[in-house]
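Engineer: When you line the sequence shown up against mature numbering (1 follows the signal peptide of the UniProt record, and there is no 0), it's residues -20 to -1, 1 to 160, in that order.
The C-beta atom is built at its ideal place from N, Cα and C for all residues, glycine as well.
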Amino acid sequence: MKSSRTAGVAVAAISMLILAGCASSGEEPTDNGTEPAAELSSEAQAAKDIVDAASVSVEEFTAPGPVFDGTGGHLVVARSHPIRFAVERSEAEHIPLAVAYRASSPFTYPATWGTGTVTHRTFTFRETLQPALNAGFLLDEIDEPLPTRQLREISPERAAWMDSHVGIIIYRFRKPLDGR
């Protein structure tokens, strides 16, 4: 049986695809626990509800068998950089960065974009990589993108924030054709 962490990779990939669709439609994807400034379209709200439900459910989910059967293909996962929330937690709780990085309980901190607070937990690199590796994927590439020129023009304040914080990490996994 695969653990809930394997399912987490699938949820992360689905979440990013759904949220990318929201972003391309002009919707504003948000961190966990925050609401967008404008009301979401019905399609975007439905997608957000699915992601929220899947994100909560995955903690209790145990797959009945391999989640990723078969061979061949790629899986691209874009997610918050593991260091980002460790820094947020370290600053919010006044604890050493290494302690914050390894802590797994939820914590709350002021939203960096928007208003209110965000409740989140930190994930180590192992927690974000190992489920895909356990499912037979090989790690092909890691990218830690910087703000684009377009973002700098459209939203200089967000680009400045991203310049001073580790924001996003993208993993590109490959499933070998021969299953090895």
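For Val146, which residues from the same chain have a beta carbon less than 8 Å from its beta carbon, with the 5 sequence-adjacent residues on both sides left out?
Structural biologist: His61, Ile63, Arg64, Val67 and Glu124
Engineer: Do Tyr89 and Thr95 have their CB atoms nearer than 8 Å?
Structural biologist: The Cβ-Cβ distance between Tyr89 and Thr95 does not fall below 8 Å.
Engineer: Taking Thr88 as part of the beta strand (DSSP E), name the residues at either end of that continuous run.
Structural biologist: DSSP places Thr88 inside the beta strand (DSSP E), whose first and last residues are Phe87 to Pro90.
Engineer: Who are the Cβ neighbours of Leu157 in its own chain at under 7 Å, not counting the five residues just before and after it?
Structural biologist: So the list reads Thr51 and Gly52, once near-sequence residues are dropped.
Engineer: Take Ser70 and list the residues in its own chain whose beta-carbon comes closer than 6 Å to its own, dropping the five residues that flank it on each side.
Structural biologist: Leu77 and Ala80
Engineer: Shortest alpha-carbon distance to Ile57 belongs to which of Phe117, His74, Glu73 and His100?
Structural biologist: Correcting the residue type first, residue 57 is Val in the shown sequence and not Ile. Nearest option by C-alpha distance: Phe117.
Engineer: Can you list the beta strand (DSSP E) stretches of 3 or more residues lying completely in the region 116 to 158, in chain order?
Structural biologist: 118 to 123 and 148 to 154
Engineer: What did DSSP end up calling Glu7 once you bin it into helix, strand or coil?
Structural biologist: Confidence at Glu7 is low in this model, with a pLDDT of 40, below 50, so its placement is unreliable and no value can be given for it.
Engineer: Count the other C-beta atoms from every protein chain shown that fall within 10 angstroms of the C-beta of Thr108, then say buried if there are 16 or more, exposed otherwise.
Structural biologist: buried
Engineer: Which value, in whole angstroms, describes the spacing of the CA atoms of Phe105 and Arg154?
Structural biologist: So the two alpha carbons sit approximately 18 Å from each other.
Engineer: With 16 as the cutoff for other CB atoms within 10 Å, does Ala115 come out buried or exposed?
Structural biologist: buried
Engineer: Could you spell out where the alpha helix (DSSP H) holding Thr108 opens and where it closes?
Structural biologist: Per DSSP, Thr108 belongs to the alpha helix (DSSP H) from Phe105 to Asn114.
Engineer: Along the chain, where does the beta strand (DSSP E) that runs through residue 163 open and close?
Structural biologist: An answer regarding residue 163 cannot be provided, because it is not within the stretch -20 to 160 covered by the chain.
Engineer: Let me confirm a value: Thr102 is counted as buried when at least 16 other C-beta atoms fall within 10 Å, else exposed. Which label applies?
Structural biologist: buried
Engineer: Give me, in chain order, the residues of the same chain whose beta-carbon lies closer than 8 Å to that of Ser144; leave out the 5 immediate sequence neighbours on both sides.
Structural biologist: none
Engineer: DSSP three-state call for Ala80: helix, strand or coil?
Structural biologist: helix
Engineer: Would you report the Cα separation of Trp93 and Leu113, rounded to the nearest angstrom?
Structural biologist: 33 Å
Engineer: Considering only the alpha carbon of each residue, which of Ile122, Glu137 and Asp120 lies closest to Thr128?
Structural biologist: Residue nearest to Thr128 within the set Ile122, Glu137 and Asp120 is Glu137 (criterion: CA-CA distance).
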